[in-house]
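One structure is given here, and the rest of the page talks about it.
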Amino acid sequence: MINSTVAKPISMIVLMFSFFYSCTSKTPPKDFDLLTEEERRLPENALAGITLAEGLEAKIFASEPTITNPTNIDIDHKGRVWACEAFNYRPEITGNDTREAGDRIMILEDTNGDGVQDKSTVFYQGPEISSPLGIWVMGNQAIVSQSPYVWLFTDTDGDDKADKKEIIFQGISGEQHDHGMHAFVFGPDGKFYFNFGNEGGQLKDRNGEIVKDISGKEISPANYRQGLVFRCDTDFTNIEVLGQNFRNNYEVAVDSYGTLWQSDNDDDGNKAVRINFVMEYGNYGYQDEMTGAGWRANRTNKEAEIPLQHWHLNDPGVVPNLLQTGAGSPTGILVYEGRLLPEVFWDQMIHTDAGPNVVRAYPVTKSGAGYKAEIVDIMKGDRNQWFRPSDVAVAPDGSLMVADWYDPGVGGHQVGDLNRGRIFRIAPPKTPYKNPDYDLKTVDGALEALQNPNLSWRYQAWNALNGMGSKAEQGLSEMFENHENPRMRARALWLLAKIEGKEKTHVEKAIQDENPDIRITGIRVARQMKMNLIPYLQQLVEDKDPQVRREAAIALRYNKAPEAAALWTKLALQHDGEDRWYLEALGIGADGQWDSYFANWAEEVKDQALANKSNRDIIWRARTGKSIPMLASLASDSSEEIDQRLRYFRAFDFNPDGESKSKALVNMLESDKRQPSPINKLVLAHLDPAFTRKSNLAMMALKGVLNDVEGTQEFVEMVQRFEVKEENPRLLKLVLANSDNNIGRSAAGTLLRQGGADHVNQVLAGKDEKQIFAMLQAIKRVGSKESIQILEALTFDQKQPLSVRREAAGSIGGSYDGEGKVLELLKAEKFPENLKAAAVSGVSNAWRKSVRMEAASYLDNNDEENKTLPIKTLMEMEGNIDNGLIIFKRNCSVCHQVNEIGLDFGPKLSEIGSKLPKEAQYLSILHPDAGISFGYEGYMVKLKDGSTLGGIISSRTETDIDLKMPGGTVTPLKTSDITSITQMENSMMPSGLEKSMSSQELVDLVEYLMTLKSKSQ
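See the structure below:
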């Protein structure tokens, strides 16, 4: 609960800092714009091109050669910075040299208090350490996170060298991947918190056994989706999954009340980076909760804008986002509870985002049961785009340390510089680096240490006070009763409740406290101590503060007490119909007990269930068959506009009672036979296809809807979903009318999958060359065994005109398997001379360079290969932005979008100029395999019919896969038809793209790309 102790209104404080960006000093040493490229990279010029918030100063604490490529840092109680290095980052992809000795865990120390490191120690180095992403330091021990392991290192003899290494967890996916295991942090409750991104997958113990959480579920994709956040005891037992369905939640921060905060990255280019208040046990919506489908998949009531679509925010059961910050590559995060920095930063999140080169705070205010936030920049590389902040930590004196990966790129499998890295100290001007010392053997000393903003000191103080037991009670009680800062009171409360026999006394005081944040902490303490919650919840279910009631709702999760359903009903009756945070808390609280909770609520509201928005929200959110009649009434209410009813149709997808909801949907057709097609279309979209085929009424409705949507992509999708082979003639018509766009290509693939090859061959055997060429254009990218056979047969059919055969030869290589077939036929000398060039031309844009080169070798070509100038030379040339746009449309728009220009296949580039400097732009074009954006990896999908398709998996469920092909066509596949799925080693962006343009055109293209920046720049 960020916010409650700030004396001045946040809006006033933000206004005071609105004239923000002053430099480190009034006269920076050198003007960044006047420096050469070489000078800009020197440590002494590291702060040139970077601006800071008013009232703050930055110094380089450490830099190369002492430290390079820092990914994560922590600061111990002595004020020493511990840093993970990642010199050996993705060498298989980047091709960079590696340190055979392995990456390092460094200790960096300032021994004279000037704020600059003057002593360094290698705590550990070993070949098994390879791009670690997390470190947490606790005295003589450090937890290091690096998929597939979490290690505990111990210095047993005090020489600052690790002597002992233990495996804590293993079997975590995401090795050498930014979306793997991340750092541990210590919470105010004496527990560890940690997370992994959506490559983590599962958690195994030191013995290789899958870990089960406290509810008995295995922590694996079978039970939890995508990125997860965890809590466990300090002996690594009693693990809880506190949130799921993130993409890459890089680090978790916990404030003194036990509230969790995270950032999360989007699929590159979609401007959907987010900041989350992690409501415990919530679903955060990266994938469809029920099916695992990706956010691009069609769904009812889909959000209007891509950044909102990205997180399924209109779906019941998705916790809302606190803030969406646009494009970025978010990294480390903390809650700053110190008092050294200016007041606007007190008790607020501080976050690093390497994409837009910024360290920011997010001042938060309460809003109903949730929060809202603003953005205040602390440190921004507005001119120096090599500034890549990767983490931030609080020192014992309250100053900040910021790790700088320092690179032209932001990771993502790519690194352009291995030899640099920086750590900055941020503090008010002329603030010496002092490290406080406390006597942890005394209660007073430990209490002072407990109030330090540095987590390492708090960890040691917590353990000291907890070990004192009842001897510490008086001091802790005085701190709880009298401290002016409620956060310090909360820290004391967590420890007071650990004193044996005194749990009830202190929890009762907390839940009766006048401060709602303390009441919330009291609920959380009682939950963790496994106390009987009912007496406390009976006092709090009608609390005037919606945030307290939020926590009461969550506390009812899995509660089997006879009073639980009635308490939940009291909470539900206070939903105002507007507060989504509150509604989702009710949903979390009812998890696993919806039947009894909803029945109790329905009995209370009786015939008023549909009367107001508040009640309708409860029905929409419910996961019980008992809600279906009400849901059907809302969905079929013709007095409401259809747009207002979409949410109710979507809610059917989340109801577990399949039979009841299918019958209810069909009854909607029966009760409204004269309804216009939008209703019938919606009903069919949510009906199980197998159930539909059993219902004559549903099949009649399907026929009517297909008539209404004929000629559209929706028609193709419905024919495919319901496997209506009778519609093959209309599919054929659609293919011929739309051969140059995705509708025609999708229709062609569906036609062939539904046994429509006779229709295709009939066109190809005809005399209408216009239709023949249209069919060839449509089927060339289908990539099935059958489609390639059709193209090959036509190529060698000597009865056909040469122009047709030449077009067919050039079409064979339009798919992954087709490329292989072209090479096979060239090697076997099957192509006559008058078709060979066409066949080679057909693979000239293949993403596999080896295919292009081998095919070209079969042609006589004495032209000297276009040689691209070195990047340094390209950087010195001037580009033409207008011509760069033309080059983009000609060479790049087939796979990339800039706003509305281009096709949606690869990462969107609308803000690429904010994310990558020129050096990285050239690297991405000249060496696409060196950095494949997460979520855009290519896959080879082998089917049971022997064919192989290549593309990007845009959506994947247990039964279906959507494979996006180059050009943007989406091919739907059934998992039952697939024999294997293999990730490609190379990028699907063709290497050698620069060969299709002159050096000047390449410079023009990059000049244009550099203009594509976020609106804030």
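Under the working numbering, the very last position in the sequence shown is 1192; numbers go up by exactly one each time. Positions of the beta carbon are idealized from the N, C-alpha and C atoms, including for glycine.
Own chain, CB closer than 7 Å to residue i, minus 5 neighbours either side, in chain order
i, result
"Tyr1183", "Ile1056, Gly1059, Leu1060, Phe1063"
"Lys996", "Ile963, Glu967, Ile987"
"Ser1174", "Thr1043, Leu1044, Leu1049"
"Gly433", "Gly362, Pro363, Asp364, Thr696, Arg699"
"Gly457", "Gly418, Val494, Glu759, Ile763"
Beta carbon of residue i nearer than 9 Å to that of residue j
i, j, result
"Ser238", "Ile598", "yes"
"Tyr459", "Trp470", "no"
"Gly762", "Arg796", "yes"
"Ala468", "Arg928", "no"
"Leu567", "Ile508", "Correcting the residue type first, residue 567 is Val in the shown sequence and not Leu. Yes, these two residues count as a Cβ contact at 9 Å."
"Arg535", "Val551", "yes"
"Leu758", "Leu731", "no"
"Thr1134", "Ser1122", "no"
"Arg662", "Glu816", "no"
"Leu998", "Glu1029", "yes"
"Leu951", "Gly444", "no"
"Arg666", "Arg633", "yes"
"Pro1141", "Cys1070", "yes"
"Gly790", "Ala740", "Before going further, note that residue 790 is Asn rather than Gly in the sequence given. It is not a contact, given that the beta carbons lie outside the stated cut-off."
"Leu1187", "Gly1088", "yes"
Range of the contiguous alpha helix (DSSP H) that encloses residue i
i, result
"His658", "Unbroken run through His658: none, as it is neither H nor E."
"His252", "From DSSP, His252 is part of no alpha helix (DSSP H); its letter is neither H nor E."
"His357", "Careful: His357 lies outside any alpha helix (DSSP H), inside the beta strand (DSSP E) at 356 to 361."
"Gly1263", "In the structure as shown, the chain starts at 176 and stops at 1192, and residue 1263 therefore has no counterpart that could be examined."
"Lys1093", "1093 to 1101"
"Asn1074", "Segment: none, Asn1074 is in no alpha helix (DSSP H) and carries neither H nor E."
"Arg699", "691 to 703"
"Val1018", "Counting along the chain, Val1018 falls outside any alpha helix (DSSP H), and DSSP gives it neither H nor E."
"Thr925", "917 to 928"
"Phe1063", "1056 to 1066"
"His681", "678 to 686"
"Thr1202", "Only positions 176 to 1192 of the chain appear in this structure, which leaves residue 1202 out of reach."
N- and C-terminal bounds of the beta strand (DSSP E) containing residue i
i, result
"Leu283", "279 to 284"
"Pro721", "No beta strand (DSSP E) holds Pro721; the alpha helix (DSSP H) holding it covers 721 to 730."
"Pro1147", "1145 to 1149"
Candidates the options, of which the one nearest residue i by Cα
i, options, result
"Gln437", "Gly444, Leu809, Leu906, Leu417", "Leu417"
"Ala647", "Glu659, Ser631, Asn657, Gly620", "Gly620"
"Ile235", "Ala358, Asp206, Tyr581", "Tyr581"
"Lys609", "Asn1009, Gly290, Glu350, Thr1146", "Gly290"
"Gly277", "Gly930, Ser305, Arg255", "Ser305"
"Ile389", "Asn903, Gln714, Ala741, Thr412", "Thr412"
"Asp334", "Phe298, His750, Asn627, Ile310", "Phe298"
"Asp972", "Leu857, Leu1010, Ala472, Arg666", "Leu1010"
"Gln649", "Leu670, Ala636, Ala826", "Leu670"
"Gly241", "Thr296, Asn903, Thr273, Ala873", "For clarity, residue 241 is Thr in the given sequence; the question names Gly instead. With distances taken between Cα atoms, Thr241 lies closest to Thr296."
"Arg595", "Pro603, Pro628, Trp561", "Trp561"
"Leu593", "Val1073, Gly930, Thr269", "Thr269"
"Pro976", "Lys945, Ala810, Ser990", "Lys945"
"Lys1024", "Lys1047, Glu994, Gly391", "Glu994"
"Val533", "Ala578, Ser1155, Val1015", "Ala578"
"Thr1157", "Leu1187, Leu1180, Tyr1114, Met1164", "Tyr1114"
"Leu1098", "Pro517, Pro583, Ile282", "Pro583"
"Pro482", "Ile686, Leu1187, Arg600, Ala447", "Ala447"
"Tyr425", "Gln401, Ser802, Leu859", "Gln401"
Beta-carbon proximity list for residue i, same chain, < 8 Å, skipping 5 on both sides
i, result
"Pro804", "Ala839"
"Asp863", "Gly833, Ser837"
"Lys745", "Val716, Glu717"
"Asp1038", "Because the pLDDT at Asp1038 is just 47, under 50, the model does not fix this residue reliably, and the value given afterwards should be weighed accordingly. Nothing listed; no residue qualifies."
Contact set for residue i: own chain, Cβ-Cβ below 6 Å, skip 5 residues either direction
i, result
"Glu341", "Leu327"
Quick one: which unbroken alpha helix (DSSP H) runs of 4-plus residues sit fully inside the stretch 256 to 344? Chain order, please.
-> 266 to 269
Which runs of the alpha helix (DSSP H), 4 residues or longer, sit entirely within the stretch 610 to 646?
-> 618 to 625, 630 to 643
Could you tell me which uninterrupted beta strand (DSSP E) segments, each at least 3 residues in length, are contained entirely in the stretch 403 to 467, listed from first to last along the chain?
-> 415 to 421, 427 to 429, 435 to 439, 448 to 453
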